[in-house]
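Trainee:
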Amino acid sequence: MKKVLHTFFLSLMVLAAQAQSHALTDLNQGRLKVQTTGMWVLTGWSVANLAYGGIAAARTEGSTRYFNRMNVYWNVVNLGIAAPSLISSLRKKNSLPTTLDASIGELHSLEKTLLFNAGLDVAYLMGGLYLLERAKNTPDKHDRFKGFGQSVLLQGGFLLLFDATNYLALRQSHRKAAEILKNVQFTGQSVGVVLEF
Numbered sequence: 230m231k232k233v234l235h236t237f238f239l240s241l242m243v244l245a246a247q248a249q250s251h252a253l254t255d256l257n258q259g260r261l262k263v264q265t266t267g268m269w270v271l272t273g274w275s276v277a278n279l280a281y282g283g284i285a286a287a288r289t290e291g292s293t294r295y296f297n298r299m300n301v302y303w304n305v306v307n308l309g310i311a312a313p314s315l316i317s318s319l320r321k322k323n324s325l326p327t328t329l330d331a332s333i334g335e336l337h338s339l340e341k342t343l344l345f346n347a348g349l350d351v352a353y354l355m356g357g358l359y360l361l362e363r364a365k366n367t368p369d370k371h372d373r374f375k376g377f378g379q380s381v382l383l384q385g386g387f388l389l390l391f392d393a394t395n396y397l398a399l400r401q402s403h404r405k406a407a408e409i410l411k412n413v414q415f416t417g418q419s420v421g422v423v424l425e426f
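In this text, residue positions in the sequence shown follow the numbering used here: the first is 230, and each later residue adds one.
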């Protein structure tokens, strides 16, 4: 009888560990999917802006030319960030964190990065508004300031939407982390795992 109980409880522990392992894999794959999808979107946005802006800058005049030039300049930087990040996230598919601590650490790190970027995006929007205001008061450089200001507003607005969307998508991963952690209890002196039947 003792052997049967021992085998029964050992089996339950193995099943609980497997369930937690699957939940951890789901957590990591969800985060990686958001990250990879985001980098595909940013890469696509950058390539589209580079292609259109490059052609349009050569064929337009006035503030529209400066608008397209700034779109090209801006998206050279975006592509320089997005392409390596995309490659990195595609390579990570086979090397996801294996511990809950590392998984939550990566999730929080990505969230903090997105929140920091959202703050920068607001600064870009303010910079775009400043350039538009400057265009009104600088007649000899009106077209340049107006075009650059409109471009910075467009790019900053897109990036704010991009970062906010990715942040909200990552918040879904918190539910998965909570599911994993709901079975862990800490009393101040000990840590325990709760098995529900």
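Backbone N, C-alpha and C define an ideal beta-carbon position, used for all residues, glycine too.
Could you say if the stretch 380-393 and the stretch 333-349 meet the contact criterion of at least three C-beta pairs nearer than 8 Å?
Mentor: yes
Trainee: From which residue to which residue does the alpha helix (DSSP H) around ASN323 run?
Mentor: As a first step, residue 323 must be located in the sequence shown, where it is residue number 94. That residue, ASN323, is in no alpha helix (DSSP H); it is neither H nor E in DSSP.
Trainee: In angstroms with no decimal places, state the Cα-to-Cα distance between LEU354 and SER380.
Mentor: Residue numbering aside, residue 354 sits at position 125 when the sequence shown is read from its first letter. Residue numbering aside, residue 380 sits at position 151 when the sequence shown is read from its first letter. So the two alpha carbons sit approximately 10 Å from each other.
Trainee: My assumption, with CB atoms under 8 Å, is that GLY259 sits in contact with GLN401. Please give the rounded CB distance.
Mentor: The count along the sequence shown starts at 1 and reaches residue 259 at position 30. The count along the sequence shown starts at 1 and reaches residue 401 at position 172. Contact flag correct, Cβ pair sits at about 7 Å.
Trainee: Among LYS365, ASP369, LEU358, which residue has its Cα nearest to the Cα of GLY378?
Mentor: Within the sequence shown, numbered from 1, the residue matching residue 378 stands at position 149. Selected option, being the one with the closest Cα: LEU358.
Trainee: Helix, strand or coil: how does DSSP classify THR342 here?
Mentor: Position 113 of the sequence shown, counted from the start, is the residue given in the question as residue 342. Helix at THR342.
Trainee: What three-state label does DSSP hand GLU290 in the structure shown?
Mentor: As a position in the sequence shown, residue 290 is number 61, starting the count at 1. In the structure shown, GLU290 sits in coil (DSSP, three-state: anything other than H, G, I, E or B).
Trainee: With distances taken between CB atoms, is the gap from GLY273 to ARG298 smaller than 9 Å?
Mentor: For the purposes of this step, residue 273 is taken as residue 44 along the sequence shown, with counting starting at 1. For the purposes of this step, residue 298 is taken as residue 69 along the sequence shown, with counting starting at 1. Not in contact: GLY273 and ARG298 (Cβ atoms no closer than 9 Å).
Trainee: So, with DSSP's three-state summary, where would you put HIS235?
Mentor: For the purposes of this step, residue 235 is identified with residue 6 of the sequence shown, where counting begins at 1. A caution first: HIS235 carries a pLDDT of 48, below 50, which makes its placement in the model unreliable, though a value can still be read off. Helix at HIS235.
Trainee: Alpha carbon to alpha carbon, how far is THR289 from LYS370? Give it in angstroms, no decimals.
Mentor: In the sequence shown, counting from the first residue as 1, residue 370 sits at position 141. In the sequence shown, counting from the first residue as 1, residue 289 sits at position 60. C-alpha of LYS370 to C-alpha of THR289: approximately 17 Å in a straight line.
Trainee: Give me, in chain order, the residues of the same chain whose beta-carbon lies closer than 6 Å to that of GLY431; leave out the 5 immediate sequence neighbours on both sides.
Mentor: There is no way to answer for residue 431, as the model of the chain reaches only from 230 to 426.
Trainee: Please report the Cβ distance between ASP271 and ALA311, rounded to the nearest whole angstrom; I am assuming they are in contact, meaning their Cβ atoms lie under 8 Å.
Mentor: For the purposes of this step, residue 271 is taken as residue 42 along the sequence shown, with counting starting at 1. For the purposes of this step, residue 311 is taken as residue 82 along the sequence shown, with counting starting at 1. The residue you asked about is not Asp; residue 271 is Leu in the sequence shown. Contact flag correct, Cβ pair sits at about 4 Å.
Trainee: Buried or exposed: LEU336, going by 16 or more other Cβ atoms within 10 Å of its Cβ?
Mentor: Sequence index remark: in the sequence shown, residue 336 carries index 107 (1-based). Counting of Cβ neighbours within 10 angstroms places LEU336 among the buried residues, the total reaching 16 or more.
Trainee: Find the nearest neighbour of ALA252 within the set GLY376, THR328, ASP372, judged by alpha-carbon distance.
Mentor: Locating residue 252 in the sequence shown gives position 23, where the first residue counts as 1. Selected option, being the one with the closest Cα: THR328.
Trainee: Considering only residues of the same chain and omitting the five flanking positions on each side of THR265, which have a CB-CB separation below 6 Å?
Mentor: Looking up residue 265 in the sequence shown gives position 36. If we look at THR265 and ignore the five residues flanking it on each side, its Cβ neighbours are SER318.
Trainee: Please state whether DSSP places THR367 in a helix, a strand or coil.
Mentor: Looking up residue 367 in the sequence shown gives position 138. When DSSP states are grouped into helix, strand and coil, THR367 belongs to the coil group.
Trainee: Buried or exposed for ALA286, going by 16 or more other Cβ atoms inside 10 Å?
Mentor: As a working mapping, residue 286 is identified with position 57 in the sequence shown. Buried is the call here.
Trainee: Would you tell me roughly how many angstroms separate the C-alpha atoms of LEU349 and ALA277, rounded to the nearest one?
Mentor: Residue 349 sits at position 120 when you count from the first residue of the sequence shown. Residue 277 sits at position 48 when you count from the first residue of the sequence shown. If I take the Cα positions, the gap works out to 22 Å.
Trainee: Any chance the CB of PHE387 is under 8 Å from a heavy atom of the ligand GTP?
Mentor: This structure lacks the ligand GTP; in fact it carries no ligand of any kind.
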